[in-house]
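Asker:
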Amino acid sequence: MRIPVNNQEYIEVPILKYLWIPVVLILVAAASTMVYQVNAEEEGVRLRFGKHIETVGPGLHFKAPYPIDRVLVVPTRIVDVLEFGYRSDPRVSRRVDYDSESSMLTGDLNIVLAGFDVQFSRENPTDFLFRVENPVNTLRDISQSVMREIMGDRASIPILTIGRAEIQVRARELIQDYVDRFEMGIRINEVNLIYVNPPEQVRAAFNDLNKAEQDAVRFLEEASREYQEKIPRARGQAERSVLEAEGFRERRIRTARGDADRFTQMLENYQAAPEITRQRLYFERMENQIPRLKEVIIVDEDASGILPLLNLREGGAR
Amino acid sequence: MNRLHSKKGASPVSLIAVAVVITLAAFVLSLCVFTVDEWEQAVVTQFGEVVDEPITEAGLKFKMPWQAVRKFDRRLLRWDGSETTTITRDRRTINIDVTARWRITDARRFLETIGSINQADARLNGIIAGAVKDEIAKFELYEVVRSSNRILDTERTLMPNQITDQIGDEIAEQLERDDLATLGATLPRLRQDTEGVYQAGRPIVLDNILREAQRRLVQINLGIQVEDVLIKQLGYIREIEANVYAQMNAELEKIAAGFRSSGRQLAEERLGEMQRELAIIESSAVERAQRIRGEGEAQSIRIYAEAYNQDPEFYRLIRSLEAYEKMMRENSTLVITTQSPLYRILKSLEEDF
Chain U
1 MRIPVNNQEY IEVPILKYLW IPVVLILVAA ASTMVYQVNA EEEGVRLRFG
51 KHIETVGPGL HFKAPYPIDR VLVVPTRIVD VLEFGYRSDP RVSRRVDYDS
101 ESSMLTGDLN IVLAGFDVQF SRENPTDFLF RVENPVNTLR DISQSVMREI
151 MGDRASIPIL TIGRAEIQVR ARELIQDYVD RFEMGIRINE VNLIYVNPPE
201 QVRAAFNDLN KAEQDAVRFL EEASREYQEK IPRARGQAER SVLEAEGFRE
251 RRIRTARGDA DRFTQMLENY QAAPEITRQR LYFERMENQI PRLKEVIIVD
301 EDASGILPLL NLREGGAR
Chain S
1001 MNRLHSKKGA SPVSLIAVAV VITLAAFVLS LCVFTVDEWE QAVVTQFGEV
1051 VDEPITEAGL KFKMPWQAVR KFDRRLLRWD GSETTTITRD RRTINIDVTA
1101 RWRITDARRF LETIGSINQA DARLNGIIAG AVKDEIAKFE LYEVVRSSNR
1151 ILDTERTLMP NQITDQIGDE IAEQLERDDL ATLGATLPRL RQDTEGVYQA
1201 GRPIVLDNIL REAQRRLVQI NLGIQVEDVL IKQLGYIREI EANVYAQMNA
1251 ELEKIAAGFR SSGRQLAEER LGEMQRELAI IESSAVERAQ RIRGEGEAQS
1301 IRIYAEAYNQ DPEFYRLIRS LEAYEKMMRE NSTLVITTQS PLYRILKSLE
1351 EDF
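As you go down the protein sequences, you meet chains U and S in turn. Okay, so the first sequence: first residue is 1 according to the working numbering, each after it adds one. Okay, so the second sequence: first residue is 1001 according to the working numbering, each after it adds one.
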């Protein structure tokens, strides 16, 4: 090839000698696009002129050179997480809540805040690529809608207290239903309610409700405890007083019998010699008693005067 | 110079000519072929006019070099509306954020009327937002929020943790269960026909919005169709939110007070029961004890009477002697008259000396 330099002068370039260089370069470039690798967690979707011809698993594969064949790789074995109402920041392991996203109307038209995550995998790579534009964004829309639908059909207190497990199961089902209907090629592995809270503005009152429940239980328990303590004790005391009364009765009867027997026996002997026994008993008794006295004062029934007769203690000793 | 030229002769020129021809051929060929991806559909135009039906099958396709190709997405597309404020039939102002799925059903028509996805989004904004406003206005708020009447049937059996566990029915019966579960909200029933099919509720509202949007799209025929409508966010406007919180607070306080007072009530009842029980236990014990004592007394009276009745005179003697003995305690002073038998005893003793 002649390349003109100036008037009538050429530089002769031996172009044919070097023609193989671009040809080889093009061939090498084409060959390099004939091998591709699919990683362990991925699946490869091969398109020939845009038409899907095969889906391959992990490994090294061959294909026709670009632009005939193209390969799109989908990480089918990776489980991804979408977060709603909060964002976790792995760097600071802290949760940031977004009330605007978590605020939901309940079936009784009250408000609760719920944060949840949706764990999904791209189960079917061709559906994932070919059916829906940006399936992950659509999954976000579906998840938000489903969770609101569920909250909207339930009452606020059960949502805040005991309803979580049931809500998670139901949400997974409903989201999967939508995903299947749209043929998104996604599998919902799990839906987790991360938190369900009353709004900040009513949190104090809600906590007080919990306390009130405990208070109510406590009041009743305290009364029950008192009941449990006092009733058996009263029963014991009652039994005791009855037993005591029985003791009294027995003592009374036995004493009476003893007294009666004594009397009867005395009487029998008394009747043998009534007069003398009477006097003897009298004297004996007086004899025993008079020395114990401090003084005996004898009053003349006719005369009105007191004549001290004997002073056993002081007088007698003197 | 001439040497090289003469050696290869005309061959470089012919080679270059071949190269040019090949390049030209490749260029013309590239104008004649195009590919359609799995997620695409294509429309071939000739001088601005659509020729043939849209191509919806993927692969290598051919056309005349002067024809142009427009490719569009064949997949389900996402339309994301912005949050709008609207009013329900019961005059409640709410914020609602709706999103929709749509697709290009007639690429030819789409190209002729709209031409781009962005333009379609703008058209959908007006159509769907309008349908939302119109349909929401036909329903009361609870009909938009709830999907079924399950809240009326099942929620009343659901009670908070403590209560069901510990005292169950006792306190539960004290409180209105509905009040507790729903914070006192009155719950109207969603309309149902005779076969139980709902006439209102979130799915019905969404379906109505969808059908209304579809109807409007059919009318203007843009080659697109909406396939699904979702409510992403639905809430009170800020001004009303404050009222709702105040109401929730009042209701929570009421329920808390209810808990406490019914707890107290039950406690008092339990204590009253205890007092009654105590009174019965104590008084029946007194009753039995006194009866037993009475028996003792009665028997002893009978025994004494029987014994002493044998000789009342002797009994009087013994008793008076015992009485004397008891009366004359140590260091006491005895006053007797000269008539007393004791005096006589003492006097007779004197005479003896």
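Ideal Cβ positions, reconstructed from N, Cα and C, are used throughout, including at glycine.
What residues in its chain sit with their C-beta under 6 Å from that of Tyr-18 of chain U, if we drop five residues either side in the sequence?
Answerer: Closer than 6 Å at the Cβ level, and outside the excluded window around Tyr-18 of chain U, lies no residue.
Asker: Under 8 Å, do Asp-177 of chain U and Gly-107 of chain U count as touching if we go by C-beta distance?
Answerer: No, the pair does not count as a contact, with Cβ atoms beyond the cut-off.
Asker: Go to Lys-1133 of chain S, then tell me how far its beta strand (DSSP E) extends in each direction, as first and last residue.
Answerer: Here Lys-1133 of chain S belongs to no beta strand (DSSP E); instead the alpha helix (DSSP H) covers 1117–1136.
Asker: Ala-1289 of chain S and Glu-244 of chain U: beta carbons closer than 8 Å?
Answerer: Yes, Cβ-Cβ distance for Ala-1289 of chain S and Glu-244 of chain U is below 8 Å.
Asker: What residue range is occupied by the uninterrupted alpha helix (DSSP H) comprising Trp-20 of chain U?
Answerer: From DSSP, the alpha helix (DSSP H) with Trp-20 of chain U extends over 20–32.
Asker: Can you name the residues of chain S whose CB is closer than 8 Å to the CB of Phe-84 of chain U?
Answerer: Per Cβ cutoff of 8 Å: no residues; Phe-84 of chain U is ~10 Å from chain S at best.
Asker: Which same chain residues end up closer than 8 Å to Ser-121 of chain U when comparing Cβ atoms and leaving out the 5 residues on each side of it in sequence?
Answerer: Same-chain partners within the cutoff: Thr-76, Arg-77, Ile-78, Val-79, Asp-80, Ile-186, Arg-187 and Asn-189.
Asker: Mind checking if Leu-1124 of chain S is an interface residue toward chain U, Cβ cutoff 8 Å exclusive?
Answerer: It does not: the Cβ of Leu-1124 of chain S has no partner Cβ on chain U nearer than 8 Å.
Asker: With 8 Å as the threshold, decide whether the Cβ of Arg-32 of chain U is near any Cβ in chain S.
Answerer: Reading off the sequence, residue 32 of chain U comes out as Ser, not Arg. By this cut-off, Ser-32 of chain U is not an interface position.
Asker: Can you name, in chain order, every residue of its own chain whose Cβ lies under 8 Å from the Cβ of Ile-1087 of chain S, other than the five neighbours on each side?
Answerer: So the qualifying residues of the chain are Thr-1093, Ile-1094, Ile-1136 and Ala-1137.
Asker: Which chain U residues sit within Cβ distance under 7 Å of Glu-1135 of chain S?
Answerer: Residues of chain U passing the Cβ test: none, with the nearest at roughly 16 Å.
Asker: Interface residues of chain U around Trp-1102 of chain S at Cβ under 9 Å?
Answerer: Result: empty, since nearest Cβ-Cβ is about 10 Å, beyond 9 Å.
Asker: Just to check my reading of the structure: Val-196 of chain U and Leu-160 of chain U have Cβ atoms closer than 8 Å, yes? What is that Cβ distance to the nearest angstrom?
Answerer: Yes, Val-196 of chain U and Leu-160 of chain U are in contact; Cβ-Cβ is about 6 Å, under 8 Å.
Asker: Just verifying my parser: in three-state terms, what is the DSSP assignment at Thr-1157 of chain S?
Answerer: Residue placement at Thr-1157 of chain S is flagged as unreliable, the pLDDT there being 44, under the threshold of 50; a coordinate-derived value is accordingly withheld.
Asker: For the beta strand (DSSP E) holding Val-132 of chain U, just list the boundary residues, first then last.
Answerer: No beta strand (DSSP E) holds Val-132 of chain U; DSSP gives it neither H nor E.
Asker: Compare the Cα-Cα distances from Arg-1270 of chain S to each of U:Glu-246, U:Ile-175 and U:Ser-224 and report the closest residue.
Answerer: That would be U:Ser-224, whose Cα lies nearest to the Cα of Arg-1270 of chain S.
Asker: According to DSSP, is Ser-88 of chain U part of a helix, a strand, or is it coil?
Answerer: Of the three classes helix, strand and coil, the one that applies to Ser-88 of chain U here is strand, per DSSP.
Asker: Can you have a look at Trp-1102 of chain S and say buried or exposed, based on whether 16 or more other CB atoms are within 10 angstroms of its CB?
Answerer: Buried, because 16 or more other Cβ atoms sit within 10 Å of the Cβ of Trp-1102 of chain S.
Asker: What residue from U:Glu-9, U:Leu-47 and U:Phe-219 has the CA that sits closest to Val-73 of chain U's CA?
Answerer: For Val-73 of chain U, the nearest C-alpha among the options comes from U:Leu-47.
Asker: Any beta carbon of chain U sitting closer than 8 Å to that of Pro-1160 of chain S?
Answerer: Summary for Pro-1160 of chain S: the model assigns pLDDT 49, below 50, so the residue's position carries little reliability; its value from the coordinates is reported in the next sentence. At least one chain U Cβ lies under 8 Å of Pro-1160 of chain S.
Asker: Rounded to whole angstroms, what's the CA-CA distance from Arg-254 of chain U to Arg-1293 of chain S? Just pull it up for me.
Answerer: Cα to Cα, the separation comes out at about 13 Å.
Asker: Whether or not the stretch 1213–1225 of chain S and the stretch 1060–1071 of chain S are in contact is what I'm after, with contact meaning three or more pairs of Cβ atoms, one per stretch, closer than 8 Å; do they touch?
Answerer: Too few Cβ pairs lie closer than 8 Å, so no.
Asker: Rounded to the nearest angstrom, what separates Ser-145 of chain U and Lys-1232 of chain S at their Cα positions?
Answerer: Each residue's Cα considered, the two are about 5 Å apart.
Asker: Compare the C-beta of Arg-87 of chain U against all C-beta atoms of chain S and say whether one is closer than 8 Å.
Answerer: Output row for Arg-87 of chain U: interface = no.
Asker: I need the straight-line Cα distance from Asn-1161 of chain S to Ile-157 of chain U, nearest angstrom please.
Answerer: Any reading at Asn-1161 of chain S must be qualified, since the residue scores a pLDDT of 47, below 50, and its modelled position is unreliable; no value is offered.
Asker: Report yes if the C-beta distance between Ile-142 of chain U and Ile-175 of chain U is below 8 Å; otherwise report no.
Answerer: Taking 8 Å as the Cβ cut-off, Ile-142 of chain U and Ile-175 of chain U qualify as a contacting pair.
Asker: Three-state secondary structure (DSSP) at Tyr-66 of chain U?
Answerer: The answer is coil: DSSP assigns Tyr-66 of chain U none of H, G, I, E or B.
Asker: Which full runs of the alpha helix (DSSP H) of 4+ residues lie inside the stretch 1269–1327 of chain S, going along the chain?
Answerer: Listed in chain order, they are 1312–1327.
Asker: Taking C-beta to C-beta, are Val-1057 of chain S and Arg-1089 of chain S nearer than 8 Å?
Answerer: Per the sequence shown, residue 1057 of chain S should be read as Glu rather than Val. No, the Cβ-Cβ distance between Glu-1057 of chain S and Arg-1089 of chain S is not below 8 Å.
Asker: Are the beta-carbon atoms of Gln-201 of chain U and Tyr-1236 of chain S separated by less than 8 Å?
Answerer: No, Cβ-Cβ distance for Gln-201 of chain U and Tyr-1236 of chain S is not below 8 Å.
Asker: Which of helix, strand or coil does DSSP assign to Lys-211 of chain U?
Answerer: DSSP places Lys-211 of chain U in helix when its eight states are reduced to three.
Asker: Among U:Gln-119, U:Glu-239, U:Ala-204 and U:Ile-297, which has the Cα closest to the Cα of Leu-1252 of chain S?
Answerer: That would be U:Ala-204, whose Cα lies nearest to the Cα of Leu-1252 of chain S.
Asker: Run through chain S and tell me which residues come within less than 8 Å of Gln-176 of chain U, C-beta to C-beta.
Answerer: Simply none; closest approach about 15 Å.
Asker: Counting contacts by CB-CB distance shorter than 8 Å, is Tyr-195 of chain U in contact with chain S?
Answerer: For Tyr-195 of chain U, the answer is no, since every Cβ of chain S falls outside 8 Å of its Cβ.
Asker: Indicate whether at least one CB of chain U lies closer than 8 Å to the CB of Pro-1341 of chain S.
Answerer: By this cut-off, Pro-1341 of chain S is an interface position.
Asker: Measuring only between beta-carbons, confirm whether Ile-3 of chain U sits less than 8 Å from chain S.
Answerer: No, Ile-3 of chain U lies away from the interface with chain S (no Cβ there is under 8 Å from its Cβ).
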